[in-house]
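*Asks:*
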Amino acid sequence: MITDLSFFLALALFAFIMSVTPGPNNMMLLASGAQFGFRRTLPHMIGIVLGMASLLLSVLLGMGALFVLYPPIYSVLKWVGGAYLLWLAWKVASAPVGQLASAKQSSSPMRWWQAALFQYVNPKAWMMSVGCVSSFSLAGDLYVQSGFWIIVLFACMGFPAITLWAWAGVAIRRWLTDDKRQRAFNYGMGLATASTLLLMIGG
32 MITDLSFFLA
42 LALFAFIMSV
52 TPGPNNMMLL
62 ASGAQFGFRR
72 TLPHMIGIVL
82 GMASLLLSVL
92 LGMGALFVLY
102 PPIYSVLKWV
112 GGAYLLWLAW
122 KVASAPVGQL
132 ASAKQSSSPM
142 RWWQAALFQY
152 VNPKAWMMSV
162 GCVSSFSLAG
172 DLYVQSGFWI
182 IVLFACMGFP
192 AITLWAWAGV
202 AIRRWLTDDK
212 RQRAFNYGMG
222 LATASTLLLM
232 IGG
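Its first residue numbered 32, the sequence shown is counted upward by one per residue in our numbering.
1. Just the Cα atoms here: how many angstroms apart are Thr208 and Asn57?
2. Within the same chain, show all residues whose beta-carbon is closer than 7 Å to that of Val80, passing over the 5 residues directly before and after it, in chain order.
3. Can you have a look at Met76 and say buried or exposed, based on whether 16 or more other CB atoms are within 10 angstroms of its CB?
4. Which value, in whole angstroms, describes the spacing of the CA atoms of Ala202 and Trp118?
5. Quick check on the burial criterion: 16 or more other C-beta atoms within 10 angstroms. Buried or exposed for Ala134?
6. Distance, Cα to Cα, Pro127 vs Ala114?
7. Hey, how far is the Cα of Val111 from the Cα of Trp121?
8. For Ala132, which residues of its own chain have a beta-carbon under 7 Å away from its beta-carbon, when the five flanking residues on both sides are left out?
9. Could you give the uninterrupted runs of the beta strand (DSSP E) lying entirely in the segment 54-101, keeping only those of 3 residues or more?
10. May I ask you to verify whether the segment 138-147 touches the segment 43-55, counting CB pairs closer than 8 Å and requiring at least 3?
11. I'd like the span of the alpha helix (DSSP H) that includes Ala199, first residue to last.
12. Determine the extent of the alpha helix (DSSP H) in which Met141 is found, giving its start and end residues.
13. Just the Cα atoms here: how many angstroms apart are Arg71 and Ala197?
14. By the three-class DSSP mapping on this structure, what secondary structure does Asp209 have?
15. What is the DSSP secondary structure of Met220, reduced to helix, strand or coil?
16. Have a look at Gly200, Ala192 and Ser165 and flag the residue whose alpha-carbon is nearest the alpha-carbon of Gln213.
17. For Gln2 and Thr227, what's the separation of their Cα atoms in angstroms?
18. Suppose you measure from the CA of Gly54 to the CA of Thr224; what does that come to, to the nearest Å?
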């Protein structure tokens, strides 16, 4: 049984910092919170947590070792994820304006399963998962137990971390009182989402 408190504190801190730093997930949550509000963004947030949990599990089961044995797979993942990210950035930038005032439903927030699947083409999520498992999993009899706590603490610390971004979007929502501001915000968030591609390709 793992009894070292420093293990849990270090893992919790790692999970929070990795989850709260800017990246594709958080940029999209900021935009979603501003456009759709917190309640409609909640499934997106849940999907991120579930997707990360399943991704961590897959790395714990050995999928992450494929990147070590076959580095080109990671390169392909980067480019596929990058292309999808650019499409998402375009969707954010081209989102309809006037929706906050008119309550039109011409667009919808990301569904939970879409957010969960996105983690598998999100190189930052892979980097976080592989880095976390390689740093905090314990060998021998403690491997399963340490893997369990990695998944649990990443979910427990990741959810409040991404909630900050969704709430920030909700706060910005009050400023988006006319079409010009909404359009400028959409363009800015689309550009910010696309700019994370530089980190993904260069990492």
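Positions of the beta carbon are idealized from the N, C-alpha and C atoms, including for glycine.
*Replies:* The relevant details are as follows:
1. Counting only the Cα atoms, Asn57 lies some 23 Å from Thr208.
2. Exclusion of the five residues before and after Val80 leaves Ala186, Gly189 and Phe190 as the residues of its chain whose Cβ lies within less than 7 Å of its Cβ.
3. Residue environment analysis places Met76 among the buried positions, since at least 16 neighbouring C-beta atoms fall within 10 angstroms of its C-beta.
4. Going from the Cα of Ala202 to the Cα of Trp118 covers about 26 Å.
5. Bear in mind that the predicted position of Ala134 carries a pLDDT of just 42, short of 50, making it too unreliable to give a figure here.
6. Taking the straight line from one Cα to the other gives about 22 Å.
7. Straight across, the Cα-Cα distance linking Val111 with Trp121 is about 16 Å.
8. Residue placement at Ala132 is poorly supported in this model, since its pLDDT is 47, which falls under 50; the coordinates still yield a value, given next. Contacts found: none.
9. You should have found no qualifying run.
10. Contact fails: fewer than three Cβ-Cβ distances are below 8 Å.
11. Tyr174 to Arg204 is the extent of the alpha helix (DSSP H) around Ala199.
12. First-last for Met141: undefined, no H or E at that position.
13. Computed Cα separation, rounded: 10 Å.
14. Correct three-state label for Asp209: coil.
15. In the structure shown, Met220 sits in a helix (DSSP, three-state: H, G or I).
16. When the alpha-carbon of Gln213 is set against those of Gly200, Ala192 and Ser165, the nearest one is in Gly200.
17. Any property of residue 2 remains undetermined from this structure, which presents the chain solely from 32 to 234.
18. Gly54 and Thr224: Cα-Cα distance of roughly 8 Å.
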